[in-house]
Amino acid sequence: MTLNSILSELNNGHTHMITNSSQFRDFREIYSMNKGWQKKVQLLVLNNKKALARYNIDKNEKVQVLNQGKNENTEGIRNASTKDIVEGKIGYIYIPQMISYYNMGNDIELIDEYLNNIKEYQALIIDIRGNGGGDSYYWISYLVPKLIDKVYENTTYSFWKDGEIINNYLKKSKVKYSTGFGEVKDLDTTKLVNLPVEVKEDFKYYSKNTMEISPSEDSIKFKGNIYMLVDKGVYSSSEAFASFAKQTGFATLIGERTGGDGIGSDPLLHMLPNSGYIFRFSKDMGTTADGTSNEEFKTEPDYEIQYAGKTGNFENDYCIKKVLELEEINR
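Residue numbers (full-length UniProt numbering): 1 to 331.
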């Protein structure tokens, strides 16, 4: 699609056209089940008569609503995998995608059983290399609470430009009325030492966001070291996980600089008024607590590995070799 080729020059993975009816249906299904601002803002775009006609969708077509966990059409999904790197000492969980709240039943079953068996291990590796994102619920509400023994707190900032589309979002999502929201001109930037200079010139609004994650009732309260393997394929919600891990010390990051654009919330959908085509775009710039732009600088690992890619076996995986070196285990 020509428009996608043009948008690709922006070098942002969240900015693209909805190119076909299959993509359209996927977004319509997701946002129909969502109870947050997406239902008020995103679904309004997807239910527009002109958009429905453009993507050949009957306005009376039923939208499938799924239940949390396992569903008839998704029970076969096998996403995560688990295996000991060193039997009885080093555990390993590979998560190729942050699958949605509605499809993660199999992952929960698999990971729960594995974690309950390794809670006394020396270390655990969480491998998210190549994970392009999905649903942050996966790690915020499930994986991290299942592992931790204390509360983890992380502060980020979101910045928005002025404009009709953004103002509509800020109002309907109620972000505009939330604690921590204000105008950039009133923001105390003393601690935001890495804030891009253009923020004060080009952006109007900001929001300070503080997230707390507490242990779940069934947490294994893992006492060993946690390592996270990352590469340039880590993006969006998996990037948010990597940034959280780095900023809070939840895990030691090993690999290469990530793909970025993980701080903030869902990209917006907007319809071209004449054609009915819908495009998606990142609506805010997200930064860490010190003002570092996540999309620009990504997340830098604690230990950078030249050949960070996932391999077919553990023996030839340089990231895993680094974990074993840090844990002083010879194989």
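Ideal Cβ positions, reconstructed from N, Cα and C, are used throughout, including at glycine.
No experiment lies behind these values; they were computed from the predicted model shown.
Using DSSP with H/G/I as helix, E/B as strand and the rest coil, what is residue 114? Start at 1 with the first residue of the sequence shown, and residue 114 comes out as number 114. Residue 114 falls in the helix class under three-state DSSP.
If contacts are defined as beta-carbon pairs under 8 Å, then residue 352 and residue 129 qualify, I think. What distance do you get, rounded to the angstrom? As displayed, the chain neither begins before 1 nor continues past 331, which places residue 352 out of reach and without an answer.
Bridge partners of residue 349, per DSSP? Any answer about residue 349 is impossible in this case: the structure gives the chain only from 1 up to 331.
Using the C-alpha atoms, what's the distance from residue 267 back to residue 14? Translated into the one-based positions of the sequence shown, residue 14 becomes position 14. Translated into the one-based positions of the sequence shown, residue 267 becomes position 267. So the two alpha carbons sit approximately 7 Å from each other.
Looking only at its chain, what residues have a beta carbon closer than 7 Å to the beta carbon of residue 197, apart from the 5 residues adjacent to it on each side? Working through the sequence shown from its first residue, we reach residue 197 at position 197. There are no such residues.
Check whether the segment 87 to 96 touches the segment 318 to 329, taking contact to mean three or more Cβ pairs, one atom from each stretch, closer than 8 Å. yes
Could you work out which residue in 232, 239, 208 is closest to residue 261 when comparing CA atoms only? In the sequence shown, residue 261 corresponds to position 261, counting from 1. Comparing Cα positions, the closest option is 239.
Under 8 Å, with one C-beta from each stretch per pair, do the segment 200 to 210 and the segment 109 to 125 reach the 3-pair mark? no
With 16 as the cutoff for other CB atoms within 10 Å, does residue 73 come out buried or exposed? Start at 1 with the first residue of the sequence shown, and residue 73 comes out as number 73. Unreliable positioning characterises residue 73 in this predicted model, as indicated by a pLDDT of 48, which lies under 50. The coordinate reading is nonetheless provided below. It is exposed - the Cβ of residue 73 has fewer than 16 other Cβ atoms within 10 Å.
If we ignore side chains and look at the alpha-carbon of each, how far apart do residue 61 and residue 192 end up? In the sequence shown, residue 61 corresponds to position 61, counting from 1. In the sequence shown, residue 192 corresponds to position 192, counting from 1. Computed Cα separation, rounded: 49 Å.
If you draw a straight line from the C-alpha of residue 30 to the C-alpha of residue 168, how long is it? Residue mapping note: residue 30 aligns to position 30 of the sequence shown, counting from 1. Residue mapping note: residue 168 aligns to position 168 of the sequence shown, counting from 1. If you take the alpha carbons of residue 30 and residue 168, they lie about 21 Å apart.
In this structure, does DSSP put residue 327 in helix, strand or coil? The residue given as residue 327 occupies position 327 in the sequence shown. Three-state result, residue 327: coil.
With C-beta atoms as the reference, is residue 133 less than 7 Å away from residue 22? Position 133 of the sequence shown, counted from the start, is the residue given in the question as residue 133. Position 22 of the sequence shown, counted from the start, is the residue given in the question as residue 22. The answer is no: Cβ separation not under 7 Å.
Looking at C-beta atoms only, is the number of pairs between the segment 130 to 149 and the segment 92 to 102 that lie closer than 8 Å three or more? yes
Can you tell me which of the three DSSP states residue 248 falls into? As a first step, residue 248 must be located in the sequence shown, where it is residue number 248. Residue 248: helix per DSSP, three-state reduction.
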